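Protein chains in written order, with my numbering: chain A, 436 to 1141; chain B, 571 to 911.
Spelled out as structure tokens, the structure:
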């Protein structure tokens, strides 16, 4: 491959990789993306001649100044500064791509791509950054070496060495178009170097102390917010999209749960005009650090969950139903404390930015049917005050339905069974809804369409129970999730969002009831590529856990775990994560090593094949040419007969000297072929090479017989 | 002492390297300040590239053997080509982008020989063009082998000891017409003019300085090398160059007297080269040195070498002169005069 075209290709790939890392942060406006992409493609076909003056430089410079002015003006108007910076960077990149005349422009493109990658770290902290980063290392290594070689060639190559004349520069164009400077093995070798750079960067990443300085600004990365989960329920709007595959929660559990878990999130107590709201936040209390009980002091056994919550446009923390305790982290020198607030209804909130991780415990065993049936007695004020509220404009038909369903039912359990039975029997789950704005959405669901999604079912049940004087509240959260056996965690996706009801049973407490028909509860997980999906999700989980969320505490934990391992002691339960991390790292190393060995094997095979084929691209010109090998073989044969070629003798002269040798004709023929193949531009077809070797063999036979 | 405490490797950032180090520090500060772990990853990459650069440059510099091919005659003020050979004695790895610089008195000469790629086990040869302004002895102490491979961020070098000496002959200046054919040199013999008349004494191989007209073309064609006729009368032509190198009273270093003495040495060298080329037996006489007259290129080398090393001598030191009449020139600070004058 030609040096110039390879250099051009790899610098474009470098720019593209850095741009993709930026693009995957979903912050670059689509119009800018399209414009930049078109400009990059157009610049590929622009080949400015370095020997001609750059007449368009003035216009380009004016364009850059104008772009800078636009960025400043936009920032002063209150626009998003980051987008302006990205736009300006892209403008500079396009400028350099269109004007890549010399090595200098290529060097500048490397710098610009690096700034793009830097911006990528701010805009994209997802797993997609990792492949971009890996590819970028390889391309950066190539580009740095190419820029170095190009500069050295331009500065050092001398054409003439004579005492009388000054040395002259070789025409640079000729070298840049040379196919002998770089080849596949060169790029392969530098790729292995990139692998070393990556491994070394990983080691540095793990060991560099995370001591936060926090000068200037407490810059926090917001992360990409997941849209969809809402702290409000408003009937009459679109339902939850059940096939949304974006993971919201990753919950590490000791073992796979036997039944779908309900992850409790927002709790709603106030219903008004088809919409649920939360009114208890003011009564929440801030939890001190350490393990803190939640709710009604539920006794063990508890299910321990390590929850990794993706950035979400909400302050809610999720826990399996019913949360019993939470470990509130203290916050370290580099990480702020997780400011947890628990409401009277057990709702957990935390002031947070970006992804968070916390440990929570839940009493997942439901109370027995017997205790529920036996639940009787007065309703305490704390349960009834807010959870019996009904809007004054609630349609009369709803109240009449509640009366009808409660007729003859005395206990809470009987009333709940009546409502549940009716909803599950007479109503259909559907997300394909058309709302008539003239009707109350609940009335429309109960008496007109009789179809709805989980929020309709839960709203209907809560309102009907309240109308029967049974305290009930609506809960939004997630149901189920997909067990990732590779990562040992439950991946809860956005499509798992669900709504259900909590009912107060006197003497028992709040109990979860789900009126949604089973067909509408669980999201349908994608059937195909499950393993691939699990693997990617596991990677993403580890990425967030060990890379994005890596901090001083984890470093200290790693040091302690390492110290225990070195002392031959087993890791404690709390250090189990480090065992996993160690295994994951060891596994990755094995994979990387395997990949390196495979690459080496491919390189060796390729090299062998190339040698067989004849002259290669990368500095394997003369010594391996089959004609030269055959000629050398002939020389060795003749030397053994005492007819060595003199150092200053040309092949032709040598052949002429042997005119009286018995094999003179053969020597002349081999010499002719050698000249033709080595210097005459002949391709050296296999028959010709064979004939050459046949002559050498005849010469050997002649020597033996003689 | 300096050589004994010399570091095995030296390294210095290039201009790009300083920029790179600055960017690395900037990224490091940003990472510490923001606790953005991805910036730590990028910082790790930047530092790893520095480490990789160090390892690869070391691989490039290791196991290299340098040799020097000194030109046979080097004259002050004239460009010459110094041959430099580099052999990669590594078993597998090639060396890339290696620069070799001659060290004169342990200081680099600022003339670099560049080797783009030196495969394992191979030797390559190149040369650099240089000009030394002053005659005398130059001591080469070794070589500086350096590389900016692989990223042009740092220049790493090591000095290799390889002593050598180069005697730079005096600058050659044009010989005036009267000095080329002064009657004083003729004595009782005819001066060599066009169509020299001596009988052919024999045929020998061509040496530098032999006249083209003496080439025996037929013999040269048969033997495949240039042969020249050697004439009997060459042995009878003699010229003595007497150089007055007595130190003038009160002469200070780099004074006007020094400059005029340098001119005298240059003139003597030029006359020596001229008359040896004409086939004369040329001798030299200075205070402290005397070279009997002889023919040929080897004699010219002896004369030029003596003149290259010539310096002031005490005026009381005897000036060795051959007995009897010998044609030639007396060369002093005041110019050139025929010897008998």
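Even glycine gets a Cβ: it sits at the ideal position worked out from N, Cα and C.
These figures come from a predicted structure and were not determined experimentally.
Scanning the segment 484-511 of chain A for uninterrupted alpha helix (DSSP H) segments of 4 residues or longer gives 492-511, listed from N- to C-terminal end. Sequence-distant partners of residue 622 of chain A (beyond 5 residues in either direction) whose C-beta falls short of 7 Å from its own C-beta, in its chain, are 577. Short of 7 Å from the beta carbon of residue 479 of chain A, and not among the five residues preceding or following it, lie these beta carbons of its own chain, in chain order: 447. For residue 562 of chain A and residue 976 of chain A, the gap between their C-alpha atoms comes out near 9 Å. Close partners of residue 608 of chain B in chain A (Cβ separation under 7 Å): 556, 560, 564.
When Cβ-Cβ separations below 8 Å define contact, residue 765 of chain A makes no contact with chain B.
Look at residue 445 of chain A: its C-beta is not under 8 Å from any C-beta on chain B. Within the same chain, 760, 762 come within 7 Å of residue 726 of chain A by CB-CB distance, once the 5 residues on both sides are set aside. Within chain A, no C-beta atom comes nearer than 7 Å to that of residue 733 of chain B; the closest sits roughly 25 Å away. A direct Cα-Cα distance of roughly 5 Å separates residue 668 of chain A from residue 711 of chain A.
With a beta-carbon spacing of about 5 Å, residue 744 of chain A and residue 791 of chain A fall inside the 8 Å limit used to define contacts. As DSSP reads the structure, residue 785 of chain A sits in a beta bridge with A:775.
As summarised for the segment 904-959 of chain A, the continuous beta strand (DSSP E) elements at least 3 residues long and confined to that stretch are 907-914, 917-919, 924-928, 932-940, 944-948, given in chain order. Taking 9 Å as the cut-off between beta carbons, the residues of the segment 600-624 of chain B near chain A are 600, 601, 602, 603, 604, 605, 606, 607, 608, 609, 610, 611, 612, 613, 614, 615, 616, 617, 618, 619, 621, 622, 623, in sequence order. Proximity of residue 720 of chain B to chain A, defined by a Cβ-Cβ separation below 8 Å, is satisfied. Neighbours of residue 982 of chain A in chain B, taken as residues at a C-beta separation under 8 Å, are given in chain order as 607, 608, 611. The segment 727-745 of chain B makes contact with the segment 697-713 of chain B; the number of CB pairs closer than 8 Å reaches 3 or more. By the Cβ rule, the segment 438-457 of chain A counts as touching the segment 543-557 of chain A, because three or more pairs are nearer than 8 Å.
Bounds of the alpha helix (DSSP H) holding residue 445 of chain A are 438-458. Within chain B, the residues whose beta carbon sits less than 7 Å from that of residue 632 of chain A are 615, 618, 619, 622, listed in sequence order. C-alpha of residue 642 of chain B to C-alpha of residue 688 of chain B: approximately 27 Å in a straight line.
For residue 882 of chain A, same chain residues with a beta-carbon under 7 Å away, outside a window of 5 residues either side, are 832 in chain order. Excluding five sequence positions before and after residue 485 of chain A, the CB atoms of its chain that fall closer than 8 Å to its own CB belong to 536, 537, given in chain order. Against chain B, the CB of residue 1024 of chain A has no partner CB under 8 Å away; the residue lies outside that interface.
Interface annotation, residue 637 of chain B: not in contact with chain A, CB-CB separation never under 8 Å. Residue 896 of chain A and residue 873 of chain A have their alpha carbons spaced roughly 22 Å apart. A contact is defined here as three or more CB-CB pairs under 8 Å, and the segment 862-878 of chain B fails this definition with respect to the segment 814-831 of chain B.
Sequence-distant Cβ neighbours of residue 838 of chain B in its own chain, meaning closer than 6 Å and more than five residues away, are 811, 813, 877, 901. Boundaries of the alpha helix (DSSP H) harbouring residue 1106 of chain A: 1099-1113, taken from the DSSP string. When C-alpha distances from residue 707 of chain B are compared across B:890, B:905, B:881, B:730, the shortest belongs to B:881.
Interface flag for residue 630 of chain B against chain A is unset, since no Cβ pair is found closer than 8 Å.
In the three-state reduction of the DSSP assignment, residue 709 of chain A falls in the coil class, being assigned neither a helical nor a strand state. Burial is judged here by how many other beta carbons sit within 10 angstroms of a residue's own beta carbon; residue 612 of chain A has fewer than 16 and is exposed. At least one beta carbon of chain B lies nearer than 8 Å to the beta carbon of residue 553 of chain A.
For residue 790 of chain B, no Cβ of chain A is located within less than 8 Å of the residue's own Cβ. Partner residues in a beta bridge of residue 718 of chain B, as assigned by DSSP, do not exist.
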